[in-house]
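**Q** Residue numbers (my numbering), protein chains in the order written: chain A, 718 to 846; chain B, 718 to 846.
Provided herewith is a single structure, encoded as C-alpha cells, for subsequent inquiry.
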DNA sequence: GTGGGTGCAAAACCTTTGCATCTGC
DNA sequence: GCAGATGCAAAGGTTTTGCACCCAC
C-alpha cells in the first residue's frame, strides 16, 4: 500500500527529468548518486522492473549486452553510435503500415517491432573520421 | 594452413543446410549432436566466431539475451514469436530510403539498422490464443 | 505485528579465455 | 616439432534472487 520508496521515486524522477535516453542500470545509479540519493544496484533494478510493470518505463534492447530503460513516451526508434555508444531517439517510424504485408509474408501475427539504427554521432564523426 | 576442422565444417553445414533461422549456440550444438558430430560449446562458439570473420555467418541480436547466428544472406529483417521464441525471416525492408531523413533528424551518420518484429507464430496463435 | 522496501551477497546465465592435449603436416 | 583444433574448466560481465533487517502503517 503505497509505502514510501525513495529509490523508486528517485528513479522515476531521473528518467523523466532528463534528456538522456536509454539508461543502463549503472547510468541510473550514477545519476542517483549525483543527486545524493543512496541506492543499491539491486534496488535500482527492482525499481526499474516495478516501473516497467506500471507502464511508466520501457525496457529497450540495444544489443550492447546491457539492459536499457527509458520513460515510456510516444512510439519512436533509436540510433546508437558505433563509436561511443551514445543513444538518441529517432522521431517517427518508417515501419508503420507494413504490418499487413509482414503478416502475409511470414504467417505471424505482428504485435510490435523494434528498430535500431547504427552509425556515428556528430561528435564522433568529427573526432574519429 | 587449412587443417581439418570437423566442428567448423559441421557448423557451416548445419547453418547453410537448414531452414532454421537465427541459431543460438545451443541450437547449433544440438544440431551437431543430432548429426553425431562430437563438439563442445566453446568449439562451436569459436567456429561461429571464425565463420563470422570469414563473412559466411552473421551475428544477429534478437534481444533474448542470447547470441544468434545465421548464414549470411541478402539483407532481411526478423520476426520473433513472443510465445515460443521461433524466429523467421522477413523479406524486404521497409527502412530502405529513410536514411537521409533519419540523418537529418538526428545528426548521426547512419551506417546500418536492425529491425525486429515481434508477434505470434501461426502455431502459437492456434495454441495460445 | 505485517508487509513492503533496501542492501548485501550469492546464484544464475551467457559469453569468452586459458591451458593442456592431441593431431595433421 | 609446430601450429591449429578441441575439450574442460575457469574467468568475466550482467541480471536475478535470497535473506535479514528496518521502517511506515
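Glycine included, every Cβ here is placed at the ideal spot set by N, Cα and C.
Could you have a look at residue 803 (chain B) and say whether DSSP puts it in helix, strand or coil?
**A** coil
**Q** Touching or not, the region 769 to 784 of chain B and the region 745 to 757 of chain B, by the rule of three or more beta carbon pairs under 8 Å?
**A** no
**Q** Taking 8 Å as the threshold (C-beta atoms), are residue 774 (chain A) and residue 794 (chain A) in contact?
**A** no
**Q** Since residue 833 (chain B) meets chain A, which of its residues come closer than 7 Å, beta carbon to beta carbon?
**A** 830, 831
**Q** Would you give the residue range spanned by the beta strand (DSSP E) that residue 778 (chain A) belongs to?
**A** Per DSSP, residue 778 (chain A) belongs to the beta strand (DSSP E) from 774 to 778.
**Q** Please report how far the alpha carbon of residue 849 (chain A) lies from the alpha carbon of residue 833 (chain B), in whole angstroms.
**A** Because residue 849 (chain A) is not part of the residues shown, which for chain A are 718 to 846, the question remains open.
**Q** In its own chain, which residues sit with a C-beta less than 6 Å from the C-beta of residue 801 (chain B), not counting the 5 before and 5 after it?
**A** Around residue 801 (chain B): 841.
**Q** Let me make sure I understand the geometry here. Which of A:778, A:741, A:780, A:736 has the alpha-carbon closest to that of residue 761 (chain A)?
**A** A:741
**Q** If you follow the alpha helix (DSSP H) that residue 823 (chain A) is part of, which residue opens it and which one closes it?
**A** Residue 823 (chain A) -> alpha helix (DSSP H) spans 816 to 823.
**Q** In this structure, how does DSSP classify residue 741 (chain A) when only helix, strand and coil are distinguished?
**A** strand
**Q** Taking Cβ positions only, does residue 778 (chain A) come closer than 8 Å to chain B?
**A** yes
**Q** For residue 826 (chain A), write down the residues that DSSP places opposite it in a beta bridge.
**A** B:837
**Q** So what's residue 761 (chain A) in DSSP terms, helix, strand or just coil?
**A** helix
**Q** Could you check which residue in A:825, A:754, A:726, A:839 has the C-alpha nearest to that of residue 822 (chain B)?
**A** A:839
**Q** Taking CB distances under 8 Å as the criterion, tell me whether residue 762 (chain A) reaches chain B.
**A** no
**Q** Report yes or no: is there a C-beta of chain A within less than 8 Å of the C-beta of residue 844 (chain B)?
**A** no
**Q** If the cut is a Cβ gap below 8 Å, which residues of chain A does residue 742 (chain B) touch?
**A** Residues of chain A passing the Cβ test: none, with the nearest at roughly 15 Å.
**Q** Quick one, are the C-beta atoms of residue 799 (chain B) and residue 835 (chain B) less than 8 Å apart?
**A** yes
**Q** Which residue wins for smallest C-alpha separation from residue 738 (chain A), given the options A:721, A:725, A:784, A:722?
**A** Just measuring C-alpha positions, the residue of A:721, A:725, A:784, A:722 sitting nearest residue 738 (chain A) is A:784.
**Q** What span of residues does the beta strand (DSSP E) with residue 785 (chain B) cover, start to end?
**A** 784 to 788
**Q** Bridge partners for residue 797 (chain A) per DSSP, in chain order?
**A** A:804, A:835
**Q** Given that residue 823 (chain B) touches chain A, what residues does it touch there, using C-beta distances under 7 Å?
**A** 796, 805, 807
**Q** Hey, residue 796 (chain B) and residue 825 (chain A): beta-carbon distance below 8 Å or not?
**A** yes
**Q** Residues of chain A with a CB under 7 Å from the CB of residue 773 (chain B): which are they?
**A** For residue 773 (chain B), there are no neighbours in chain A by C-beta distance under 7 Å, as the nearest C-beta there is about 21 Å away.
**Q** What is the residue span of the alpha helix (DSSP H) that residue 756 (chain A) lies within?
**A** Unbroken run through residue 756 (chain A): none, as it is neither H nor E.
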